[in-house]
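Peer 1: Its first residue numbered 45, the sequence shown is counted upward by one per residue in my numbering.
Okay, handing you the structure first.
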Amino acid sequence: MNQQDHSRKDVTLLDGGMGHELKLRGISDGTFVAGVLANENLLQASTVEAIHYDYLAAGCDVITTNSFVAVPRRMRECGLATDEPGAFHRAAVLIRSAVDRARATTQVAHDKMPEKQKKIAGCVPPLTECYFGDQVPTIEDMLPEYLMIVSTLVDCEVDIILCETLSTIREAIAILHALSKSNTLSRHTPIWICYTIKDDNPNELRSGDSLMDACSQIIKLASSLKLPLEAIGVNCSAPRAISKALLSMSRFVAGSDVKLCAYGNCFQTTTSEWMASLKGDN
Numbered sequence: 045m046n047q048q049d050h051s052r053k054d055v056t057l058l059d060g061g062m063g064h065e066l067k068l069r070g071i072s073d074g075t076f077v078a079g080v081l082a083n084e085n086l087l088q089a090s091t092v093e094a095i096h097y098d099y100l101a102a103g104c105d106v107i108t109t110n111s112f113v114a115v116p117r118r119m120r121e122c123g124l125a126t127d128e129p130g131a132f133h134r135a136a137v138l139i140r141s142a143v144d145r146a147r148a149t150t151q152v153a154h155d156k157m158p159e160k161q162k163k164i165a166g167c168v169p170p171l172t173e174c175y176f177g178d179q180v181p182t183i184e185d186m187l188p189e190y191l192m193i194v195s196t197l198v199d200c201e202v203d204i205i206l207c208e209t210l211s212t213i214r215e216a217i218a219i220l221h222a223l224s225k226s227n228t229l230s231r232h233t234p235i236w237i238c239y240t241i242k243d244d245n246p247n248e249l250r251s252g253d254s255l256m257d258a259c260s261q262i263i264k265l266a267s268s269l270k271l272p273l274e275a276i277g278v279n280c281s282a283p284r285a286i287s288k289a290l291l292s293m294s295r296f297v298a299g300s301d302v303k304l305c306a307y308g309n310c311f312q313t314t315t316s317e318w319m320a321s322l323k324g325d326n
């Protein structure tokens, strides 16, 4: 095996964003809710599957469920549910339909690309507006919602639990505790945890929490709970910030079995600049 082959073997390539691809293909309401509803829309589900397939055809090894906003409190905020039980049920249905779209795609891809690795990552997102750490609830308040999300994904037998765009350490703590309380299958499903970091200070999460503390606490907690933490990383941040963060994280995880994961934003402005503009408008 030459060096190039060995390098590619050690890299797992994730897909790109689903929400913006759906927008480009005409599915949008400005809040990304239309995108998650497309999973169960007979006329739009094929578009979701087409995007999944395009990522696999482009060389990706993993596709992520189109369920980033399928969380109970979002269901109530956008009028898809009127009470808490209804919100939990509606979110679970949308998560299952998102897994169905991903699985249908991998089955088609298996017939056309039988030699290719094709895994499904179940999305575990923030429960509130992305990036704003001051809006994140307490661990105790998050547990019921995260327990529903991870239990649904585990029941659907996704290949990876992908916890992404977390701006606080307590979100990751809540997710791991939820996984420890869910179906026993969760103890065999690899877990990836990715934080979003400050674009101008990659050593901090957007909440101000230390990135190194976030890594240290989660590695220790996953070990104590006997959960299969396979990777930690950073996402939804400027590529230059991610590159700097990975240098620090690589030294931190050296010698362990934990891998690194990274995928950035490609916006014209950084997320930090966008957040600052929102404060200026208020």
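Don't be surprised by glycine CBs; every beta carbon is placed ideally from N, CA and C.
Quick caveat: nothing in here was measured; it's all calculated off a predicted structure.
With H, G and I counted as helix, E and B as strand and the rest as coil, what does DSSP make of cysteine 310?
Peer 2: Note: cysteine 310 maps to coil in three-state DSSP.
Peer 1: Helix, strand or coil for threonine 150 per DSSP?
Peer 2: Residue state, collapsed to three classes: helix.
Peer 1: Three-state secondary structure (DSSP) at asparagine 63?
Peer 2: Reading off the sequence shown, one finds glycine at residue 63, where the question assumed asparagine. Here glycine 63 sits in helix by DSSP.
Peer 1: Can you tell me whether glutamate 93 is buried or exposed? The criterion is at least 16 other CB atoms within 10 Å of its CB, across all chains shown.
Peer 2: Glutamate 93 should be labelled buried.
Peer 1: Thinking C-alpha only, which one of Gly177, Asp244, Cys238 and Ile204 is nearest isoleucine 262?
Peer 2: Measuring from the Cα of isoleucine 262, the nearest candidate turns out to be Cys238.
Peer 1: Residues in its own chain within less than 6 angstroms of leucine 58 by CB, not counting five upstream and five downstream?
Peer 2: Here the set comprises Val106 and Tyr307.
Peer 1: Relative to the C-alpha of aspartate 244, which residue among Thr150, Ile286 and His221 is closest?
Peer 2: When only C-alpha atoms are compared, the closest one is Ile286.
Peer 1: Which residues does DSSP pair with lysine 163 in a beta bridge?
Peer 2: Answer is Val106.
Peer 1: Tell me the rounded alpha-carbon separation between arginine 118 and proline 283.
Peer 2: Going by the C-alpha atoms only, they are around 29 angstroms apart.
Peer 1: Just checking, does the segment 259-279 make contact with the segment 182-197 on the three C-beta pairs under 8 angstroms criterion?
Peer 2: Touching, no.
Peer 1: Quick one: what's got a C-beta closer than 6 angstroms to proline 234's C-beta in the same chain, skipping five residues either side?
Peer 2: For proline 234, where only same-chain residues beyond five positions count, the Cβ hits under 6 angstroms are Ile204, Pro272 and Glu274.
Peer 1: Under 8 angstroms, do valine 278 and isoleucine 217 count as touching if we go by C-beta distance?
Peer 2: No; because the gap between Cβ atoms is not below 8 angstroms, this pair is not in contact.
Peer 1: Could you tell me the distance, in whole angstroms, from the CA atom of lysine 270 to the CA atom of leucine 87?
Peer 2: Each residue's Cα considered, the two are about 43 angstroms apart.
Peer 1: Residues in its own chain within less than 7 angstroms of aspartate 127 by CB, not counting five upstream and five downstream?
Peer 2: For aspartate 127, where only same-chain residues beyond five positions count, there are no Cβ hits under 7 angstroms.
Peer 1: When DSSP labels each residue in this structure, what does valine 168 get in the three-state scheme?
Peer 2: DSSP places valine 168 in strand when its eight states are reduced to three.
Peer 1: What residues match up with serine 254 in a beta bridge as DSSP calls it?
Peer 2: BP columns for serine 254 point to Glu248.
Peer 1: Quick check: what's the CA-CA separation for valine 143 versus serine 224?
Peer 2: Whole-angstrom Cα-Cα distance: 22 angstroms.
Peer 1: Spell out a yes or no on whether the segment 175-186 and the segment 94-101 are touching, meaning 3 or more CB-CB pairs, one atom from each, closer than 8 angstroms.
Peer 2: Too few Cβ pairs lie closer than 8 angstroms, so no.
Peer 1: Ends of the alpha helix (DSSP H) at glutamate 121?
Peer 2: Element bounds for glutamate 121: 116-121.
Peer 1: Of the residues Thr56, Ala125, Arg120 and Leu66, which one's Cα is nearest the Cα of glycine 103?
Peer 2: It is Thr56 whose Cα lies nearest to the Cα of glycine 103.
Peer 1: Roughly how many angstroms separate the alpha carbons of valine 302 and arginine 140, rounded to a whole number?
Peer 2: Taking the straight line joining both Cα atoms gives about 29 angstroms.
Peer 1: Of the choices Ala258, Arg231 and Gln161, whose alpha-carbon is the least far from that of aspartate 54?
Peer 2: Nearest option by C-alpha distance: Gln161.
Peer 1: Exposed or buried, arginine 295, counting other C-beta atoms within 10 Å across all chains shown (16 or more means buried)?
Peer 2: Exposed: under 16 other Cβ atoms inside 10 Å.
Peer 1: So what does DSSP say about asparagine 83, is it helix, strand or coil?
Peer 2: If DSSP states are grouped into helix, strand and coil, asparagine 83 belongs with the helices.
Peer 1: Given this structure, state the Cα-to-Cα distance separating valine 180 from threonine 209, to the nearest angstrom.
Peer 2: Rounded to the nearest angstrom, the two C-alpha atoms are 12 angstroms apart.
Peer 1: Reducing DSSP to helix, strand and coil, say where tyrosine 239 ends up.
Peer 2: Of the three classes helix, strand and coil, the one that applies to tyrosine 239 here is strand, per DSSP.
Peer 1: Assuming leucine 273 is part of the beta strand (DSSP E), what are its boundary residues?
Peer 2: 273-279 is the span of the beta strand (DSSP E), which, as asked, contains leucine 273.
Peer 1: Quick one, which of Glu173, Ala146 and Ala89 has its alpha-carbon nearest glycine 166's?
Peer 2: When only C-alpha atoms are compared, the closest one is Ala146.
Peer 1: So leucine 187 is in the alpha helix (DSSP H); what residue range does that whole segment cover?
Peer 2: It spans 183-199 - the alpha helix (DSSP H) in which leucine 187 sits, taken as one unbroken run.
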